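Just so we're aligned, residue 1 is where the sequence shown starts under the UniProt record's numbering, counting upward by one. Ideal Cβ placement from N, Cα and C applies to all residues, glycine included. As the structure is a computational prediction, the values presented were derived from the model and not from experiment.
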Amino acid sequence: MSQVTNIPYDALEVGQKASFAKTVEERDIQLFAAVSGDRNPVHLDAEYAAGTMFKERIAHGMFTGALISAAIACEMPGPGSIYLGQQLRFTRPVKLGDSLTVELEILEKLPKNRVRIATRVFNQNAEQVVDGEAEVLAPKQQLSVELPELPPITIG
């Protein structure tokens, strides 16, 4: 388990940044397809994907959206945050093996503990793959929580 401390609304500042990193693995694509029900062959079938404009399999767009959610939930503002909305624009395909970094930046503090956050995702070549913006209800008070370990999952 890992200990995480959130950043309450009063401690957030415009321009404040946080990041979250993840490498896209085969298992991620398989599990995301299973959980979401999105079985588009461009994600799952190499032969099919070779005939597309991408020439190879790509990750689900919303997989990167899920990474943004993880960054908000675990990094900034962190535990106790409530996701209110998200705008996303997919600017480049994400491929298996890509190392992604979600970058969050507080753009504006709104009334009633709400914040506007830039949500940008970059690959290992510093190429932006997602551009977006989230609205989040930030926690009112600081708290530290233990994040549970993820259960082992076998694909088969």
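DSSP three-state assignment for residue i, whether helix, strand or coil
| i | result |
| --- | --- |
| GLN30 | helix |
| GLY61 | helix |
| VAL14 | coil |
| GLU146 | strand |
| SER2 | strand |
| VAL136 | strand |
| LEU84 | strand |
Bridge partner(s) assigned by DSSP for residue i
| i | result |
| --- | --- |
| VAL121 | VAL102 and VAL130 |
| LYS109 | VAL115 |
| ARG89 | ASP131 |
| residue 185 | Any question about residue 185 goes unanswered here, given that the chain covers just 1 to 156. |
For residue j and residue i, the rounded distance between their alpha carbons
| i | j | result |
| --- | --- | --- |
| LEU12 | ILE117 | 11 Å |
| THR5 | THR52 | 44 Å |
| ALA50 | LEU107 | 40 Å |
| PRO79 | PRO41 | 35 Å |
| ALA134 | LYS55 | 31 Å |
| GLN87 | ASP131 | 8 Å |
| LYS22 | ILE72 | 14 Å |
Among the options, the one whose alpha carbon lies nearest that of residue i
| i | options | result |
| --- | --- | --- |
| VAL136 | ARG92, ILE68 and ASN125 | ILE68 |
| ALA46 | ILE58, LEU84, LEU110 and ASP38 | ILE58 |
Residue i at chain B interface by Cβ criterion, 8 Å
| i | result |
| --- | --- |
| GLU108 | The question asks about chain B, but that chain is absent: this structure has only one protein chain. |
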